[in-house]
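Heads up: the structure comes next, in structure tokens.
2 protein chains.
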Amino acid sequence: MTPPPGDMDPESFRRHGHRVVDWLAEYLASPAQYPVLAQVSPGDVAAKLPSNAPENGESFDAIFADFQRIIVPGLTHWNHPGFFAYFAITASGPGILAEMLAAGLNVQAMLWRTSPAATELEEVALGWLRDLMGLPASFDGVIYDTASVSTLHALAAARHGALPDVRNRGVSGAPRIYCTEHTHSSIDKAVLTLGLGLQSIRRVPVDTGLAMQPHALDAAIAEDLAAGLTPLAVVSTVGTTSSTAIDDVAAIADVCERRGVWLHVDAAYAGPMAIVPEYRHILAGAARADSLVVNPHKWLFTPFDLSALYCRRMDVLRAAFSLVPEYLQTPESGRVRNLMDTGVQLGRRFRALKLWMVLRYFGAEGIRERLLEHCRLARMFAGWVDADPAFERAADVPFSVVCFRHVRPGASDEAIDALNAQLLDEVNASGEVFLSHTRLHGRYTLRLAVGNLRTTERHVARAWELLRGGAARLSA
Amino acid sequence: MTPPPGDMDPESFRRHGHRVVDWLAEYLASPAQYPVLAQVSPGDVAAKLPSNAPENGESFDAIFADFQRIIVPGLTHWNHPGFFAYFAITASGPGILAEMLAAGLNVQAMLWRTSPAATELEEVALGWLRDLMGLPASFDGVIYDTASVSTLHALAAARHGALPDVRNRGVSGAPRIYCTEHTHSSIDKAVLTLGLGLQSIRRVPVDTGLAMQPHALDAAIAEDLAAGLTPLAVVSTVGTTSSTAIDDVAAIADVCERRGVWLHVDAAYAGPMAIVPEYRHILAGAARADSLVVNPHKWLFTPFDLSALYCRRMDVLRAAFSLVPEYLQTPESGRVRNLMDTGVQLGRRFRALKLWMVLRYFGAEGIRERLLEHCRLARMFAGWVDADPAFERAADVPFSVVCFRHVRPGASDEAIDALNAQLLDEVNASGEVFLSHTRLHGRYTLRLAVGNLRTTERHVARAWELLRGGAARLSA
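If you're matching them up, the sequences are chains A and B in order. Going by our numbering, the first sequence opens with residue 1, and the numbers climb by one from there. Going by our numbering, the second sequence opens with residue 1001, and the numbers climb by one from there.
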């Protein structure tokens, strides 16, 4: 009896691989051939797919044809130079090539021995990034998939530090987490996941720049302590999601040190900007934080997903999570870093490979000039907003995101909010640009986020043209 | 002023991409050119890497050369046909090609609108897999990265069901989770992460086949209820990690239904075997479970990571996790599936693409014959063990994993345990095979796990040859 066929044979893999690379090269050369925001209705894609898996295998050619025919038109194109929504990102060439290799190698870095190079490259690449951002070597790093998961681990470590019984006896008492109304929703998700309850979140007032007020933080902690609550952690943000506001981390670190509370810094988006000497100050005080998250998959040209958590108390994080069943015992344990000890997930992709290749391919100087260009584009757009009486800016522009809105004299706030929601839908329906929105001081606010390596002046100018044209039409 | 360079130019990407594909094709054709278990010492890889990121960008050729020179020799090769440790896995050709495309597209499926095709393909591909395994359509699915994270969400949903106040007020009372000593450690990690405390885990006795005793489970729940504790969930396993034992899910479902307790089924490894009609019975009763996890990245030829959680009460899971800040509101919300509502992670890779391509490329019949071949290889190996007086089998072989040990008449259990640990180190040092171990009934046990598409009779025979030779040398 002949054994059944194994995997796709190597020659076929080579042939199909070349086709895929050619398709990607062509795609990445001109993603603007597609609408940036998918122009499909709910259910359109699913309706084109059979409801059952095939009984017999199909050729890769047939599958790839369906990919191009059915899947691609149903995608929102994050590579499109007109992608200005949320935080714009880039899967750079070296990052994609690294992902190809990682997928083929398929190593699981749960233990050092299950791929020593994956574990050690993670340590090295995270050391490089830490040094580039000017953080001290007292920060040890670990790679997770997303900032949500990095944050979950940071707060779990804080929980372990404040409630040493939590690992065995579970959550007890009345814990408190301090943040602001502009802190990312991943904090809320981490808090509810960790069993702390959303009521444990205390939102500290912000100043007019939307940054946390350190004095108000101190007063809140004092009040809670007097009431018998247990301050667990403070989450400060360098580059909030809505407006990229920057908390005064140094002043917050003062409070945290005095009060003995874990300080977590969310620099998921803006952290890489600290690689630029003139922006190094954004992380002032962060050296005294207990943990800090930065996402190379956001603004460091690394394909999604790769979030880096830096921690000055990795021993606490390990104490919170380490748990080694017999089948994962190894002779070298104690002498090596076993990544499974630092988290919920046992299995770990070889994510460090893409970070290493991206850092080497662009180099520190190449990263700096690209980030500065994105900031320049954002300031340019902000200048147009400021000069046009039909628009107003809604926040400062410290990085590459502009918050603004269309205004109409005499109209109510509610009417203006509705007008801007309508304007957003109109420009997004163009397929040429994709922007998103938020609320600042309760008001509907448009956001233009620059962050893709393909975005140039031309694309930002086109966004402005569409916005002005749309606003004029709505006024007519 | 010329703008700074953006990404790697498309022609360079094409050229380097072809090189990477050629390298992968050659690598996948003969991964056995490398030792399966990395033959390096702790720190060897890191010592070969510079301690700082380069100031100026480097060529991809230079980076790729270092990858081959420094990284590859420091890897443990999960593609090697002699990989028999933990659960052996395969990054199949179609799966790798899909990952290449996903990395290039770099879409984030957090919201339907951020890539409708990614969200809808996830629903379709998970429906295909559910139907193939014979699970009813009442199960809705969601893709996470790992079984650890799937399980975390399943238990979080169970927690939400049993403690409705938990989302706002946090964990309270005395919750209970039921499993056995053979349940995967990810349950323990989920329990401590969720703030339930490890003491909430109650291990139900197993029978001689290492499966949970349903009567003992019922008695444990009754006792806990009488003591005022809150039964939260029961975790049953189809294919335990140590020995691939199969719990009687139908009998356990009876208990859970009677007691009103959430039933989670861990079929991470063995679930795909239910695609084979003669093995369909392994999931008998699972249709009455509340949730079930299966990992296509384990035994379904899909590159790591892709774990599928099926849930009959996805509304509870959503109620536990949904949380929509203003900047993630969309006009179509309520009419579409927004994947961010089903979990901790906001960002989501386009993982469905590889599952869809793998299912189509191999087809149901192609999957069945490959899984059956792995089971045949395991039974063949088990037969050799059974026929050799220097070895004994330590558990049944329901799937593709064989538990066994070298024995020596007259030697103490401790001496035999030590002997087997030594034997394991010796055969692993060969570089030809990689096995791992566990403990069953307290005794050190070797495991041979078949699961890679490149593994044939020849490789299993070589493992046996090395084990017999090693045992003979140790006896000499």
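Even glycine gets a Cβ: it sits at the ideal position worked out from N, Cα and C. These figures come from a predicted structure and were not determined experimentally.
Ignoring anything shorter than 4 residues, give me the alpha helix (DSSP H) runs that lie fully in the segment 1044–1090 of chain B, in order along the chain. Whole alpha helix (DSSP H) segments, 4+ residues: 1044–1047 and 1060–1066.
7 Å CB neighbourhood of A:R203 in its chain, flanking five on each side removed: Apart from sequence neighbours up to five positions away, the residues of its chain that approach A:R203 with a beta-carbon distance below 7 Å are C179, T180 and E181, ordered along the chain.
In chain B, which residues lie less than 8 Å from A:P54 when you measure between Cβ atoms? Here the neighbours are L1359, R1360, G1363 and A1364.
Any heavy atom of the ligand NAP closer than 6 Å to the Cβ of B:H1016? By its list of ligands, the structure shown contains no ligand whatsoever, and the ligand NAP lies outside what it can speak to.
Inspect the CB distances between the segment 87–101 of chain A and the segment 1073–1091 of chain B and report whether three or more fall short of 8 Å. The answer is no - the segment 1073–1091 of chain B does not touch the segment 87–101 of chain A, with fewer than three Cβ pairs under 8 Å.
Beta carbon of A:M133 nearer than 7 Å to that of A:I275: Their beta carbons are under 7 Å apart, which means A:M133 touches A:I275 by this criterion.
CB contact check: B:Y1144 to chain A, cutoff 7 Å: With respect to chain A, the C-beta atom of B:Y1144 has no partner C-beta closer than 7 Å.
What number of angstroms, rounded off, separates the C-alpha of B:N1420 from the C-alpha of B:R1335? B:N1420 and B:R1335 have their alpha carbons spaced roughly 58 Å apart.
Who pairs with B:W1384 in a beta bridge, going by DSSP? According to DSSP, which records beta bridges pairwise, B:W1384 is partnered with nothing at all.
Count the other CB atoms, across all protein chains shown, that sit within 10 Å of the CB of B:L1467; report buried if there are 16 or more and exposed otherwise. The residue is buried, with at least 16 neighbouring Cβ atoms inside 10 Å.
Residue range of the alpha helix (DSSP H) that B:S1521 falls in? As displayed, chain B neither begins before 1001 nor continues past 1476, which places residue 1521 of chain B out of reach and without an answer.
Taking A:F67 as the reference, give the member of A:V20, A:D218 and A:A382 with the closest Cα. Checking every option, the nearest Cα to that of A:F67 belongs to A:V20.
Could you name each continuous beta strand (DSSP E) segment of 3 residues or more that falls completely within the segment 270–357 of chain A, going from the start of the chain to the end? The beta strand (DSSP E) runs lying completely inside the segment 270–357 of chain A and spanning 3 residues or more are 291–294 and 307–311, given in chain order.
Other residues of its chain near A:L377: CB distance less than 6 Å, five sequence neighbours each side excluded: V450 and V460.
Does any C-beta atom of chain D lie closer than 7 Å to the C-beta of A:A29? The question asks about chain D, but that chain is absent: this structure's protein chains are A and B.
Name the residue from B:S1243, B:Q1199 and B:V1265 whose alpha carbon lies nearest to the alpha carbon of B:V1235. When only C-alpha atoms are compared, the closest one is B:V1265.
Going by Cα to Cα distance, which pick from B:D1254, B:T1183 and B:L1359 is closest to B:H1215? For B:H1215, the nearest C-alpha among the options comes from B:D1254.
Residues that DSSP places opposite A:P175 in a beta bridge: Within the DSSP bridge table, the entry for A:P175 names A:T230 as partners.
Checking 7 Å against the spacing of the C-beta atoms, do B:R1360 and A:I63 come in under that value? In this structure, A:I63 lies closer than 7 Å to B:R1360 by Cβ.
Taking only three categories from DSSP, how would you classify A:R113? In the three-state reduction of the DSSP assignment, A:R113 falls in the helix class, which pools H, G and I.
Could you spell out where the alpha helix (DSSP H) holding A:G104 opens and where it closes? First-last of the alpha helix (DSSP H) with A:G104: G93 to L105.
Which partner residues of A:M212 appear in the DSSP bridge assignment? Per DSSP, the beta bridge partners of A:M212 are A:V206.
Exposed or buried, which one is B:T1208 when buried takes at least 16 other CB atoms within 10 Å? Flag for B:T1208 reads exposed.
Give me the Cβ distance between B:T1193 and A:L192, rounded to the nearest whole Å; I'm assuming they're in contact under 8 Å. Between B:T1193 and A:L192, the beta carbon gap of about 12 Å keeps them out of contact (Cβ cut-off 8 Å).
Per DSSP, what kind of secondary structure is A:V401 in: helix, strand or coil? Reduced to three states, the DSSP call for A:V401 is strand.
Report the rounded CA-to-CA distance for B:G1442 versus A:R318, giving the unit in angstroms. Using only the alpha carbons, I get a separation of about 27 Å.
Measuring alpha carbon to alpha carbon, tell me which residue in B:D1009, B:R1113, B:A1211 and B:G1074 is nearest A:V36. For A:V36, the nearest C-alpha among the options comes from B:R1113.
Within 10 angstroms of the Cβ of B:E1122, are there 16 or more other Cβ atoms? Answer buried if so, exposed if not. Residue environment analysis places B:E1122 among the buried positions, since at least 16 neighbouring C-beta atoms fall within 10 angstroms of its C-beta.
Assign A:A253 to one of three DSSP states: helix, strand, or coil. Of the three classes helix, strand and coil, the one that applies to A:A253 here is helix, per DSSP.
If you drop the 5 nearest sequence neighbours on each side, which residues of the same chain put their C-beta closer than 7 Å to that of A:P136? Answer for A:P136: A287, listed in chain order.
Given a limit of 7 Å on CB to CB distance, which residues of the segment 395–415 of chain A reach chain B? For the segment 395–415 of chain A, the set of positions with a beta-carbon nearer than 7 Å to some beta-carbon of chain B is empty.
I'd like to know whether the C-beta of A:W128 is nearer than 7 Å to at least one C-beta of chain B. Yes, its Cβ sits closer than 7 Å to a Cβ of chain B.
Residue interval of the alpha helix (DSSP H) (run including B:F1013): Unbroken alpha helix (DSSP H) run through B:F1013: P1010 to A1029.
Inter-residue Cα distance where the pair is B:G1017 and A:E332: Cα atoms of B:G1017 and A:E332: separation of roughly 37 Å, rounded to the nearest angstrom.
Would A:G6 count as contacting chain B if we go by Cβ distances under 7 Å? Chain B, which has a Cβ nearer than 7 Å to the Cβ of A:G6, makes this yes.
Using the Cα positions of A:G170 and A:A284, report the straight-line distance between them to the nearest angstrom. Using only the alpha carbons, I get a separation of about 35 Å.
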